[in-house]
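One point on numbering: in UniProt numbering, the residue at position 115 of the sequence shown is 115, and numbering is uninterrupted.
In this text, a Cβ means the ideal position worked out from N, Cα and C, and glycines have one as well.
Here's the structure, in structure tokens; my notes come after.
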Amino acid sequence: MKYKLEWKYKLKGTEGTIFTSDWLDGELALQIGEDLERSGKTSEVIYHDERGTTWITKEMKKLLEEIEEDPHDLTIYFDGGFNKKTFQAGLGAVIYFKQGKKKYRIRSNELFDEIENNSEAEYAAMYYTVNMLEEMGVHHMTCEFKGDAQGVLMQLKGEWPCYEENLNRWLDRIEEKLKSLKVDAKFTPIPRTENKEADKLATQALEGKMINSKMQII
């Protein structure tokens with residue numbers, strides 16, 4: 001979740017001027033907000049989250065303490081590969097997140113049967129990542145999904161129509177799962193060159209090389 005600061009800066013003899021920050025990580029936003037209040041030249045420091053909720057400094061500090069041990073600041077990469085001879089899909093997912101004061105990366109893949117084509121493999125991969133979030137205990141969080149399957153992401157955004165009945169069923173499953181987790185999902189199409197980790201995992205699944213790892217990163 002990102003936060004935007006808003007505060008009033010007062011010069012002597014003036015009513016004050018309202019300033020706003022860029023979108024910031026929660027810890028940095030709180031640090032800046034507390035520093036502004038200590039300066040004595042600001043008042044009415046407000047924190048806005050991406051959902052439109054507002055907080056004062058005391059509330060913001062309590063919020064961050066509550067969510068610190070939950071996975072947060074999640075960015076998810078996904079990709080699906082397809083073997084037209086076996087009608088199998090290789091699903092790849094990479095999840096970057098914070099927990100406590102540390103950063104982690106999860107890499108995972110899966111082999112999925114009875115897939116019709118490469119397009120369906122991409123939808124299955126997206127659904128796979130959402131199920132991974134459920135297993136991680138993610139809820140009430142902002143998550144950014146990145147992939148080179150532009151059709152999947154633009155349809156989830158509601159900007160492109162989907163005419164294929166089987167793909168619409170995948171979309172319904174994905175949207176239902178996101179809703180149940182209370183996830184505020186952001187969908188970002190990226191070039192294939194920026195999705196190499198997930199692509200490799202999908203390929204490895206088709207080759208029978210199964211990966212499931214979690215590591216701390218710097």
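Apart from the five residues just before and just after GLY208, which ones in its own chain have a Cβ nearer than 8 Å to its Cβ?
Contacts found: LEU111.
Nearest-angstrom Cα distance between GLN216 and GLU194?
So the alpha carbons of these two residues sit roughly 21 Å apart.
8 Å contact criterion, which PHE78 and THR129 should meet: CB distance rounded:
By a beta-carbon distance limit of 8 Å, PHE78 contacts THR129. Their separation comes to about 5 Å.
Quick check on DSSP: helix, strand or coil for TRP160?
Note: TRP160 maps to coil in three-state DSSP.
Between which residues of its own chain and THR20 is the CB-CB distance below 7 Å, once the five residues before and five after are set aside?
Counting only Cβ-Cβ distances below 7 Å, and skipping sequence neighbours, we find LYS4, LEU5, GLU6.
Where does HIS72 land, buried or exposed, given buried means 16+ other C-beta within 10 angstroms?
Buried.
When you compare only the Cα positions, how much space is there between GLY81 and GLU116?
As the crow flies, the alpha-carbon of GLY81 is around 12 Å from that of GLU116.
So the candidates are LYS62, LEU171, LYS200; which of them puts its Cα closest to the Cα of LEU30?
Nearest of LYS62, LEU171, LYS200 to LEU30, Cα basis: LYS62.
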